[in-house]
Amino acid sequence: MIRHLSALLGMGLLAACAVMPAPETAIACPAAPQMGEFDPVRDVFVGHFDTKPDVDDLHTIAAVGSLLKHPDFACVEAIGVAGAYGTQGGDYIHSPDLFDLAFGENWVDGHNDRAGTIEHQAALFSRVLGEGGHVWIMIAGQADIAADALVLAMRGAPDLPYRTHLHLVQHSDWNESVTDPQKLTFVQAETDYRKIADGNATGNGTPGYNTDDGSLWPGALGNADIGGMWQEAKRLADEHNPTAAYVNPSVAAGGFDFSDTTEMAYIFGLGALDDTEAFFDYVAPVERGVWPGGAKAALALTYDDALNSQLNTAIPQLNARGMKATFYISLGFDQREEKILAWRTVAEAGHELGNHTLIHPCRASLPGREWVQPSQDLDGYTKQQLLDELTAANELLAVIDGTTERTYAYTCGDVTAGGQSYVEDLPALFLGARGVTRDAPYDAFRMPSFAVDETPAKEMIAYADELIANQAIGSITFHGIGGDHLWVAADEHAVLLDYLQSRQSDIWVAPLRDILRWKAEQERG
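Using the numbering used here, the first residue of the sequence shown is number 851, and each one after it goes up by one.
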């Protein structure tokens, strides 16, 4: 110890401070159980973050703060250290608001007040070790400040058990490479310095907390307890990543990187939280829904107007993945007998044939409705005339598919005929009705729907992710697939289906008829 201490003193690396800060009062939580190797009764957890030049520390600060807010950590005394960087270049990312959200008042600023931070840490080492506890430091950065604080603590209290009770946990070769070599050698010799497997890699026993997949963002941002810190972490990371000395690829792709949190998982024995999904299931659990398979959300893929591109493209893509949908049929199509046979085959495959009237009437008085013929003008209908048309369409559809229960899709989203609402009359005819308003509140007869038109898959996937995060029911309104009108490209449609298939444990994709049946059964108990 003396040789290392003398070398550091000779380099002028010890803060010139004759008076140590007064010890703080230890947290009182006498009944807390052991958490991994950490004893909440006596030990203190410290997070050292460099935030230079990579933005991954911003996500890591939010991840650490999320764990600390979990009830399991109620008895954990935790302190954050900002600006715990070493010899690397690049810009430091100042993030005081994020530290406030993650640690409250229990953090110190090693960037703006390095000497004061070293004094604070030295006092912490002396206080906790003097009371028989352990200090556990996750080095989400470099060990330089820890080394300086250790020198100062040893100067005031040389006989404390630093080698057995001061634990430094590091996972990154790069972090070590930009730590002052003498300081690294010093802490390796004079503390319980533990080098664990690299959290940036996979398959080596450490959790995988970096991913390009951003599907968990809605749940993280929307959580009442931790959403604020993740919003701030995302804002800062997205702002600084494009110009950082190291552009983080996971953050650039819209995903997560809080790899340094592997050190905290190691300290507290959280190895079961082995990826981002398991992590967020722990810190921001979403109650599983009542949908089949325990899915959190339900989505109906719906297709309007009985178009050829649906028969030729959409249905083969759906069938190839074993997915079922709702097709809203307006029965005034050409080649009637041939089409009836085709749609009967669709129904036999398990898809719903929904009611979309006989001749697709819409309100001609609304903007952009010049195409509506007088015979199709809902403004010229009476309510009873429309209800009679819906009844006739139900009878014809029953001839095709042999079923009597189905849903309805408002033509053009219109809910009046002759100026009168007919919504209240629909329960006598249907299980529910789909609208065209994306963010409408749930109502079985005004079902919210995301109406798409040349929409890329990523936007439709984002909608599905929102449903999962909010444990909601929704639908997508398609028309043409790879052709016809209001079309979505066939390959974009296929990408969406592949994604939904990969998330089938989280979102139940089914015909709207089946979704509403299931919900009604669950509500009846």
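Even for Gly, the Cβ is constructed at its ideal location relative to N, Cα and C.
Short of 7 angstroms in beta carbon distance, which residues of its chain neighbour residue i, apart from the five on each side in sequence? Order them along the chain.
| i | result |
| --- | --- |
| residue 1103 | 1062 |
| residue 1311 | 1346, 1349 |
| residue 992 | 900, 934, 935, 936, 1025, 1028, 1029 |
| residue 1100 | 1060, 1061, 1062, 1106, 1107 |
| residue 1130 | 1066, 1069, 1070 |
| residue 1014 | 1042 |
| residue 1332 | 1159, 1163, 1339, 1340 |
| residue 1246 | 1181 |
| residue 1372 | 1140 |
| residue 1316 | 1068 |
| residue 926 | 890, 895, 918 |
| residue 1053 | none |
| residue 1145 | 1139, 1355, 1356, 1357, 1358 |
Leaving out five residues on either side along the sequence, give the residues of the same chain with a beta carbon under 6 angstroms from the beta carbon of residue i.
| i | result |
| --- | --- |
| residue 1050 | 1109 |
| residue 1171 | 1347, 1351 |
| residue 1306 | 1342 |
| residue 1112 | 1021, 1049, 1056, 1057 |
| residue 1095 | 903, 940 |
| residue 842 | For the chain, the structure presents residues 851 to 1375; residue 842 sits outside this window and is missing. |
Taking the continuous beta strand (DSSP E) assigned at residue i, which residues delimit it?
| i | result |
| --- | --- |
| residue 1153 | 1147 to 1154 |
| residue 1297 | That residue, residue 1297, is in no beta strand (DSSP E); it is neither H nor E in DSSP. |
| residue 959 | 957 to 959 |
| residue 929 | 927 to 932 |
| residue 1324 | 1323 to 1328 |
| residue 988 | 985 to 990 |
| residue 1331 | Unbroken run through residue 1331: none, as it is neither H nor E. |
| residue 1359 | 1357 to 1359 |
To the nearest whole angstrom, what separates the beta carbons of residue i and residue j, a pair I think is in contact under 8 angstroms?
| i | j | result |
| --- | --- | --- |
| residue 929 | residue 956 | 5 angstroms |
| residue 1336 | residue 1303 | 5 angstroms |
| residue 1320 | residue 1279 | Not a contact, Cβ separation roughly 30 angstroms. |
| residue 1250 | residue 1226 | Between residue 1226 and residue 1250 the Cβ distance is about 22 angstroms, and since that is not below 8 angstroms, they are no contact. |
| residue 1044 | residue 1010 | Not confirmed; about 19 angstroms, so no contact. |
| residue 985 | residue 896 | 6 angstroms |
| residue 1232 | residue 1267 | 7 angstroms |
| residue 1143 | residue 1355 | 6 angstroms |
| residue 1001 | residue 958 | Not a contact, Cβ separation roughly 17 angstroms. |
| residue 1294 | residue 1282 | 4 angstroms |
| residue 1256 | residue 1273 | Not a contact, Cβ separation roughly 17 angstroms. |
Excluding five sequence neighbours on each side, which residues of the same chain lie with their C-beta closer than 8 angstroms to the C-beta of residue i?
| i | result |
| --- | --- |
| residue 1076 | 912, 915, 916, 919, 1070, 1133, 1134 |
| residue 1152 | 1175, 1176, 1177, 1178, 1204, 1259, 1284, 1299, 1325, 1326, 1327, 1328, 1362 |
| residue 1261 | 1180, 1206, 1207, 1210, 1211, 1212, 1228 |
| residue 1353 | 1065, 1314, 1318 |
Give a single yes or no on whether residue i has its beta carbon closer than 7 angstroms to a heavy atom of the ligand COA.
| i | result |
| --- | --- |
| residue 1234 | Absence of the ligand COA from the depicted structure is noted, as is the absence of any ligand whatsoever, leaving it without description. |
Is there at least one Cβ from chain C nearer than 8 angstroms to residue i's Cβ?
| i | result |
| --- | --- |
| residue 984 | The structure shown contains no chain C; it holds only a single protein chain. |
Please report the residue range of the alpha helix (DSSP H) in which residue i lies.
| i | result |
| --- | --- |
| residue 896 | Segment 894 to 899 is the beta strand (DSSP E) holding residue 896; no alpha helix (DSSP H) there. |
| residue 1067 | 1067 to 1072 |
| residue 914 | 906 to 919 |
| residue 1101 | 1099 to 1102 |
| residue 1311 | 1307 to 1320 |
| residue 1374 | 1362 to 1374 |
| residue 1089 | 1077 to 1090 |
| residue 1126 | 1126 to 1133 |
| residue 1120 | Element bounds for residue 1120: n/a, residue is neither H nor E. |
Sufficient close CB pairs (3 or more, under 8 angstroms) joining the segment 1093 to 1113 to the segment 897 to 910: yes
Segments of 3+ residues assigned as beta strand (DSSP E) that fall wholly inside the segment 1015 to 1055: 1016 to 1020, 1042 to 1045
Segment contact, 8 angstroms Cβ cut-off, at least three pairs: the segment 1155 to 1168 with the segment 1087 to 1096: no
Ordered list of beta strand (DSSP E) runs contained in the segment 1149 to 1232, each at least 3 residues: 1176 to 1179, 1202 to 1205
Meets three-Cβ-pair contact criterion under 8 angstroms: the segment 1365 to 1372 and the segment 1188 to 1207: Contact fails: fewer than three Cβ-Cβ distances are below 8 angstroms.
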